[in-house]
Amino acid sequence: MDLMHQEIQLSLDQYSRLEKLHLHFNLPEQAIICTLCGYALATDDDRVGRHLGEKHHIPKGARRKLNALINSLQLPSPETLPKRPDGSAPHPHLQIQEGKACRHCGLRSTSLTILSRHVRTLHKRDIAATRSSGKHWLRDHIVDNLAFQSWTLKDIKRAWTITPPRASTQRSKKSDNRLLQPVPDPIQRLADQLLHEERTRSELHSATLNRPTDGDVLSTQALLTNWMRRTGWDRTFEGADYQILISLSSLPMPSSQPLYLGMHRGGHELSSSATDENRLLSIVAALDRLFDQCGETVRFTDVSVRRWLRSRFTDRPYKAPFELVSQSNSERIYRNEFKRCICFWLRVWRLPRAISRSVTGRIFTTHQRRMLEELWLDSCWTPCDNDDENAENAYAGSALWLRQENLSSEAGQEEEEEEEEEEEGEEEEDVDDDDDGSEFSKSEDTASDALYGEGLSDEEYGSDNQWYRVSESRNGGQGELQPGSHRVPSRETDNSCDPSVDAVLRFCYEMVTEHFEDGRASSALLVYFSAVRGLSRQEGNEYLRPARYTPILSRLIYCTRLIFLEAILPLRAHTYAGFAVRPRYGQLAALNAVRVDQMCDGTMSPLGEFLSLLAYGMTLQRSEGPAWHFDWSEDGQTISWDGDTRLSMGQFRSLAHEAFRQATENLPGQGNNRLDKWKALTIAKSSWANPDSYISGKRDGRT
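In terms of the UniProt record's numbering, the sequence shown opens at residue 1 and continues consecutively.
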């Protein structure tokens with residue numbers, strides 16, 4: 001290398017000419033650096049001259065014979081230059097870019113979003129391990145305010161860290177507002193130690209005080225909000241591990257790796273084996289098929305029966321019949337609640353008993369354990385081609401839930417952020433409702449508008465005057481049902497019975513009809529799971545307010561009613577689970593025989609508890625504050641809400657441009673000229689703003 005440096009000799013005139021053109025000949029790394037751009041240029045052919053002319057508009061006369069001089073040096077490509085060691089002094093002619101690095105693996109990036117996603121995805125165990133020391137922020141795992149330099153433009157992969165210049169005159173305007181440098185690790189450890197000692201001293205001081213009396217306990221309960229006193233979540237989750245509860249309720253994902261659940265107390269890593277997750281995928285798929293059959297049962301059920309199905313009173317039906325949701329996306333969100341519930345309890349049941357009690361703060365009853373065993377160990381989940389092998393896996397006692405050593409592979413994929421749906425509307429008040437029930441009727445209408453919709457189109461099912469269509473596979477090859485036809489799918493039990501669907505229906509029906517133990521609603525599986533869905537954030541350190549929790553209750557109520565109808569009045573028999581086909585006569589009496597004790601408000605059943613919570617939550621919504629709180633950034637350019645949801649002013653301004661573009665493109669009969677489209681849009685706007693102009697335009701045939 002030294003020999004090559006000695007061979008390249010430039011005269012003072014050549015150095016002077018390069019400096020006049022804002023070029024620097026770098027040594028010992030041989031490169032031509034553009035001092036205006038701050039990176040090395042490729043020197044092959046005429047690229048240096050073209051860069052000066054196109055980028056910096058230097059006249060051609062000043063660039064004459066420059067390319068010949070550069071090519072005679074035979075410089076290597078900037079991409080092959082060795083990067084300097086980290087911590088080097090800053091190069092005076094290279095651009096300084098600010099960036100960040102992962103504290104665990106050293107990954108570098110200029111984007112905080114990319115690094116945050118990297119830490120959440122690949123360093124879940126490191127995040128869980130540091131929570132015990134009081135570090136709950138992602139920024140604790142990211143080294144911030146690093147300065148990088150590289151030979152090429154924004155090449156963060158081949159960049160090196162530099163020591164920032166001390167002189168204030170060399171700082172850019174952007175760096176004047178930079179945050180403070182991160183605390184060195186030794187100082188941070190000392191601060192953590194002092195904090196731990198202070199907390200220990202405070203706990204010892206508190207232990208010497210008198211124990212609280214009954215009056216103190218009552219005063220603590222009085223500080224709770226009305227919503228927390230009604231739900232009783234503080235008693236339900238007493239001693240529970242909130243973060244593990246949220247992980248247990250996640251939907252299964254197809255993967256060959258175990259699902260990492262989190263770090264339990266005492267340093268125990270909990271995970272769900274890949275075999276168990278595959279079994280859960282099969283159960284969830286069977287639940288989808290069950291809800292498909294439930295939808296078909298609803299479509300072939302009379303309006304009078306569906307009115308009683310939707311009613312919360314024992315003595316009168318509801319004013320509108322029970323309807324299916326109109327949007328497929330909403331149907332998927334509603335089904336996910338029962339999917340999460342089944343996966344949650346099966347994962348808890350697969351835990352060792354001591355661990356499951358420590359995680360949930362409760363134990364299974366004999367009946368609940370039998371329900372879960374019947375579902376999990378049912379022979380319908382065993383494939384026919386490898387019966388013996390899967391049977392051994394199904395009855396194995398250990399599922400690799402508890403492991404002391406670190407996992408050798410990455411945990412399952414991060415659960416996709418849950419999509420919240422909350423559409424509100426109003427229906428006309430029913431004149432037949434009594435004063436006792438009119439108030440809740442309005443509340444239930446508001447919460448149920450998102451469930452059933454205000455009206456259904458001709459393409460949807462559920463109305464007596466609609467075209468009922470079923471596929472040939474479900475109709476025994478009879479084709480379509482014409483309007484006005486009273487033919488229904490065959491009531492005979494054929495060999496289309498699905499044992500897996502029947503097994504899931506049997507479990508769901510036992511779950512929705514479960515009795516409360518010792519009068520406690522949280523003892524039921526479905527009610528306890530609904531409380532888990534009330535935990536907010538990934539750590540579970542907050543609870544949902546009524547405005548955000550009532551949509552979850554509405555989804556659970558919707559799915560529970562589907563299960564009741566399919567178990568009591570099924571369109572086709574479920575012989576594997578012991579549910580006979582609906583009778584030809586007396587269907588309403590068969591429904592009310594179960595509905596009075598299990599499906600009405602005030603009953604000690606999961607659905608009765610959900611209806612009561614929904615009514616109370618809808619009442620509190622009117623008196624409490626907004627469901628979302630908005631925060632502006634310091635520069636006033638970004639607004640954030642719901643944790644990580646953000647909207648910048650640039651994105652907001654682009655909405656108007658996009659709306660204008662779509663409006664001008666969709667104007668009929670106009671030219672391609674932008675001026676013509678603008679005139680047409682102006683005429684349309686004046687017509688919308690002036691009713692008289694709109695009416696006259698309609699008479700003239702312009703609209």
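Where a beta carbon is used, it is the ideal one built from N, C-alpha and C, also for glycine.
In this structure, the straight-line span from the alpha carbon of L324 to that of D144 is close to 51 Å. By the neighbour-count definition (other C-beta atoms within 10 Å, threshold 16), E658 is an exposed residue. In the three-state reduction of the DSSP assignment, D631 falls in the strand class. Shown here, E658 sits in a helix according to DSSP, grouped into three states. Your pair F338 and L248 does not check out as a contact, with CB atoms roughly 15 Å apart and the cut at 8 Å.
DSSP, reduced to helix, strand and coil, places V143 within a strand of the structure shown. Cα atoms of S150 and E98: separation of roughly 12 Å, rounded to the nearest angstrom. C-alpha of S304 to C-alpha of R582: approximately 15 Å in a straight line.
Of the residues assessed, F660 falls on the exposed side of the cut-off, its CB having fewer than 16 other CB atoms within 10 angstroms.
Only residues of its own chain outside the window of five on either side were considered, and among them I33, P78, L94, Q95, S150, W151, T152 and L153 have a CB closer than 8 Å to the CB of Y39, listed in chain order. In the DSSP assignment, N26 forms a beta bridge with A31. Contact annotation: D597 and S612 have beta-carbon atoms that are not nearer than 8 Å.
Look at E323 here: in three-state DSSP terms it is coil, with no helix or strand label. In this structure, the alpha-carbon of Y616 lies about 26 Å from that of Y509.
If you draw a straight line from the Cα of A240 to the Cα of I246, it is about 11 Å long.
Under the three-state reduction of DSSP output, T365 falls in the coil class, being neither helix nor strand.
With respect to the 8 Å criterion, P606 and L526 are classified as neighbours on the basis of their beta carbons. Looking at the backbone, the Cα of N67 and that of K124 are separated by about 53 Å. According to DSSP, residue pairing for Y260 in a beta bridge involves S271. The beta carbons of A274 and P252 sit no closer together than 8 Å. Taking a cut-off of 8 Å on C-beta distances, the stretch 585-592 touches the stretch 565-573, as three or more cross pairs fall below it. Scanning its chain for C-beta atoms nearer than 6 Å, with the 5 sequence neighbours on each side dropped, one finds around H24 the residues I33, T35 and H93, in chain order. In the same chain as T200, and ignoring 5 residues on each side of it, no C-beta atom comes closer than 7 Å to its own. Burial check for S250: the Cβ neighbour count within 10 Å reaches 16 or more, so the residue is buried. Membership of A101 in the beta strand (DSSP E) is indicated by the continuous run Q97 to C102.
As DSSP reads the structure, F148 sits in a beta bridge with Q97 and T161.
According to DSSP, Y318 shares a beta bridge with no other residue. At a Cβ-Cβ threshold of 8 Å, E514 and G361 do not count as neighbours.
Pairing A521 with D498, the inter-Cα distance amounts to about 33 Å.
Judged by DSSP in its simplified three-state form, S282 adopts helix. The residue among I244, Y543, L377 and D86 with its C-alpha nearest the C-alpha of K157 is D86.
The C-beta separation of E624 from R545 comes to about 7 Å, placing the pair in contact by the 8 Å criterion.
If you ignore the 5 residues before and after T365, its C-beta comes within less than 8 Å of the C-beta of E517 and S523, all in its own chain and listed in chain order. Counting of Cβ neighbours within 10 angstroms places T121 among the exposed residues, the total staying below 16. Nearest in C-alpha terms to N26, of all of G262, C380, R64 and L73, is L73.
For E54, the secondary structure class from DSSP, reduced to helix, strand or coil, is helix.
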